[in-house]
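Asker: The structure under discussion is supplied below as structure tokens; questions concerning it will follow.
Residue numbers (the numbering used here): 757 to 885.
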């Protein structure tokens with residue numbers, strides 16, 4: 757779970773069903789431990805608030821700006837106010853935009869059972885025997 761602290765967004769189970777959400781971590785050429793955005797009571801809240809942060813980042817980050825520089829530039833307290841406390845009254849809009857993005861994502865692993873053509877999953881190497 758320590759790797760979750762050096763990701764763009766990470767979640768760490770802390771016991772009793774609670775989770776800490778970390779944002780702005782980095783583990784490449786620049787190393788930065790993520791900041792705790794908040795503590796939540798369920799996996800559903802983790803997904804909702806992590807998605808809300810990502811949408812806020814998508815809408816407000818500069819071109820090619822990484823999450824760790826975004827968090828440093830905007831400030832953890834401001835991000836927390838907007839994302840967790842809904843200080844700007846945009847949480848529903850952020851959630852709806854993230855939901856719309858998720859709705860169009862295709863899962864290639866789920867498509868494996870339904871080939872698009874008859875030979876899509878046919879072996880190119882003849883079977884021995």
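For glycine and all other residues, C-beta sits at the position ideal for the given N, C-alpha and C.
According to DSSP, is residue 873 part of a helix, a strand, or is it coil?
Answerer: coil
Asker: Would you list the residues sitting across from residue 777 in a DSSP beta bridge?
Answerer: Residue 777 is bridged by DSSP to 767 and 794.
Asker: Can you pull the DSSP bridge partners for residue 788?
Answerer: 782
Asker: In its own chain, which residues sit with a C-beta less than 6 Å from the C-beta of residue 830, not counting the 5 before and 5 after it?
Answerer: none
Asker: Return the chain-ordered list of same chain residues with a C-beta closer than 7 Å to the C-beta of residue 760, the five sequence neighbours on each side being excluded.
Answerer: 766, 767, 768 and 778
Asker: Our contact map puts residue 796 next to residue 805 with C-beta atoms below 8 Å; I'd like the distance itself, whole angstroms only.
Answerer: In this structure residue 796 is in contact with residue 805, their Cβ atoms being roughly 6 Å apart against a cut-off of 8 Å.
Asker: Whether or not the region 802 to 819 and the region 844 to 857 are in contact is what I'm after, with contact meaning three or more pairs of Cβ atoms, one per stretch, closer than 8 Å; do they touch?
Answerer: yes
Asker: Can you tell me whether residue 802 is buried or exposed? The criterion is at least 16 other CB atoms within 10 Å of its CB, across all chains shown.
Answerer: With 16 or more other Cβ atoms within 10 Å, it is buried.
Asker: When the Cα atoms are used, what is the spatial distance from residue 867 to residue 800?
Answerer: Taking the straight line from one Cα to the other gives about 25 Å.
Asker: Between 847, 762, 811 and 870, which has its C-alpha nearest residue 780's C-alpha?
Answerer: 762
Asker: Rounded to the nearest angstrom, what separates residue 860 and residue 814 at their Cα positions?
Answerer: 17 Å
Asker: If you draw a straight line from the alpha carbon of residue 846 to that of residue 812, how long is it in whole angstroms?
Answerer: Rounded to the nearest angstrom, the two C-alpha atoms are 9 Å apart.
Asker: Which residue's Cα is closest to the Cα of residue 782: 771, 824, 874 and 863?
Answerer: 824
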